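Chains as they are written, first to last, in our numbering: chain A, 1 to 115; chain B, 116 to 232.
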């Protein structure tokens with residue numbers, strides 16, 4: 001089945017540790033995105049990538065880093081510089097510039113808790 | 116600057132009734148796209164429907180339709196014959212730029228819909 005997978009579903013981290021969230025897609029989409037969602041809030045864009053080996057900061061990039069070495073994968077690292085990392089993280093992908101409305105499709109999310 | 120406003124934090128609707136979720140937007144770009152997503156308690160965001168700014172007709176997808184009023188800058192989601200499984204958070208979102216634009220999208224704050232049996 002085609003889709004977007006995120007792992008792990010739940011993640012616990014001690015303060016001061018870096019942690020990497022996985023996002024993989026087999027939809028052959030060019031663009032991928034990372035969002036953060038806090039309780040009762042909408043989604044805020046952390047980073048996005050329109051093509052392999054290229055990515056741009058979103059609205060809340062501080063304390064996060066990404067890489068896009070493969071089309072299918074867009075891992076997000078939450079660094080110790082992120083002051084309040086406890087949140088729900090959603091990864092998405094979209095076809096990109098291939099045509100159509102460029103709808104974003106989402107993975108199931110990773111819930112990160114800092115202890 | 117882009118802005119999406121959802122003024123209804125929560126709504127209760129009787130099963131089988133129709134429901135309208137409000138969304139207004141603000142943009143100076145003549146080309147834009149509007150999306151609605153559903154987020155059940157599991158957390159996954161599910162794409163429901165899309166409307167392009169130049170689309171002549173309101174978008175429809177099964178029980179979902181989008182009441183697009185361009186002059187009023189509103190893009191309300193209408194769910195016909197609501198079901199218990201429709202209980203979820205609903206987010207309106209907008210992308211500036213036309214089809215195939217790689218521009219980022221922004222989300223509203225959401226409306227929590229609860230369906231009563």
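Even for Gly, the Cβ is constructed at its ideal location relative to N, Cα and C. Nothing here was measured: the structure is a model prediction, and the numbers come from that model.
A contact between stretches requires three or more CB pairs, one per stretch, nearer than 8 Å, and the region 7-22 of chain A meets this requirement with the region 66-82 of chain A. Counting C-beta atoms within 10 angstroms of its own C-beta, residue 226 of chain B has 16 or more neighbours from the protein chains shown and is therefore classed as buried. Looking at the backbone, the Cα of residue 5 of chain A and that of residue 159 of chain B are separated by about 11 Å. Within chain B, 160 have C-beta atoms less than 7 Å from the C-beta of residue 90 of chain A, given in sequence order. With a threshold of 16 other beta carbon atoms within 10 Å, residue 102 of chain A meets it and is buried.
With contact defined as three or more Cβ pairs closer than 8 Å, the region 124-143 of chain B and the region 202-212 of chain B are in contact.
Shown here, residue 170 of chain B sits in coil according to DSSP, grouped into three states, outside any helix or strand.
Chain A places a beta carbon closer than 9 Å to that of residue 152 of chain B, counting this residue as a contact. Annotation for residue 38 of chain A: 87 place their beta carbon closer than 7 Å to its own, counting only its chain and skipping 5 residues before and after. At least 9 Å separates the CB of residue 28 of chain A from every CB of chain B. Residue pairing by DSSP places residue 46 of chain A in no beta bridge whatsoever. Remark: three or more beta-carbon pairs, one from each stretch, lie closer than 8 Å, so the region 178-185 of chain B and the region 143-159 of chain B are flagged as touching. With respect to residue 24 of chain A, residue 52 of chain A sits apart: the two C-beta atoms are not nearer than 9 Å.
Here the region 157-175 of chain B makes no contact with the region 120-131 of chain B; the two share fewer than three CB pairs at distances below 8 Å.
For residue 111 of chain A, the closest of A:85, A:3, A:49, A:14 by C-alpha to C-alpha distance is A:85. Contact between residue 41 of chain A and residue 47 of chain A is ruled out by a C-beta separation of about 18 Å, above the 8 Å threshold. For residue 92 of chain A, the enclosing beta strand (DSSP E) stretches over residues 87-94.
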